[in-house]
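Counting in this note's numbering, the sequence shown runs from 102 upward without gaps.
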Amino acid sequence: MVHREWKKGKYSISTNPRRMDLDAVHGFLSRSFWAEGIARRVVAKSIRNSLCFGLFHGRAQVGFARVVTDRATYAYLCDVYVLEAYRGKGLGKWLIAKVMAHPELQGLRRFQLVTRDAHGLYRPFGFGPPKHRDRQMEIFRHGMYVT
Ligand SMILES: CC(C)(COP(=O)(O)OP(=O)(O)OC[C@H]1O[C@@H](n2cnc3c(N)ncnc32)[C@H](O)[C@@H]1OP(=O)(O)O)[C@@H](O)C(=O)NCCC(=O)NCCS
């Protein structure tokens, strides 16, 4: 697997799994509204089995996006964040732009995501409401990591 890296001043984005800072990513996700309480080993396994994009300020990880995909037909974008101190500078848009331009994520039949209030972040990249809402089904275990 070819690992990719992009630079913009002191910031960089990398898909190298070895660069992902598990403490930083778990630290954010375990306090997030969507994965509150998630175990470190579950985050580690999800990173191992996904195409991940780390956002770095120097060597410090300040953002993350994870894509669950077969790299041929389907992808699911999740666990997107930029640390609060770094928000509002265009870094989230840069991160999503690199996800969407990744060579292994081209020509997919379906690219999905779930968002509570960040629709405006994803809309410019082509995301919209499901075409046939009534055809989609899911098993959703809300709050399953909270003990
Ligand atoms: C969402 C998030 C990743 C955006 O990162 P960011 O670096 O602040 O984003 P940017 O500076 O690149 O700008 C985001 C753009 O999306 C828009 N946007 C729409 N909904 C948004 C939302 N809920 N939060 C942030 N931006 C939003 C902004 O207005 C901005 O567009 P503009 O520049 O045209 O005004 C960041 O706010 C974050 O980590 N939030 C907490 C975690 C979260 O909610 N993640 C999304 C899960 S789906």
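For every residue, glycine included, the Cβ atom is placed at its ideal position computed from N, Cα and C.
- Residue pairing by DSSP places Leu-123 in no beta bridge whatsoever.
- The closest heavy atom of ligand 1 lies less than 7 Å from the beta carbon of Tyr-182.
- Sequence-distant Cβ neighbours of Gln-162 in its own chain, meaning closer than 6 Å and more than five residues away, are Asp-122, Ala-125, Gly-155.
- Between ligand 1 and Arg-132, a heavy atom-to-CB distance of less than 7 Å is absent.
- Excluding residues up to 5 positions away in sequence, Tyr-112, Leu-156, Val-163, Gly-164, Val-183 lie with their Cβ nearer than 8 Å to the Cβ of Leu-192 in the same chain.
- The Cβ-Cβ distance between Trp-135 and Lys-199 does not fall below 8 Å.
- Comparing alpha carbon positions, the residue from Phe-241, Glu-137, Val-247 closest to Asp-180 is Glu-137.
- Only buried fits Ser-115, as 16 or more other CB atoms lie within 10 angstroms of its CB.
- Boundaries for Ala-140: no alpha helix (DSSP H) harbours it, and the DSSP string shows neither H nor E there.
- With respect to the 8 Å criterion, Ala-176 and Leu-206 are classified as neighbours on the basis of their beta carbons.
- Closest in alpha carbon position to Ala-173, among His-203, Thr-248, Tyr-223, is His-203.
- Excluding five sequence positions before and after Leu-209, the CB atoms of its chain that fall closer than 8 Å to its own CB belong to Thr-170, Ala-173, Thr-174, Tyr-175, Ala-176, given in chain order.
- Under the criterion of beta carbons closer than 8 Å, Ala-140 and Tyr-246 qualify as touching, at roughly 7 Å.
- Taking a contact as a CB-CB distance under 8 Å, the pair Lys-194 and Leu-222 counts as one, their CB atoms being some 7 Å apart.
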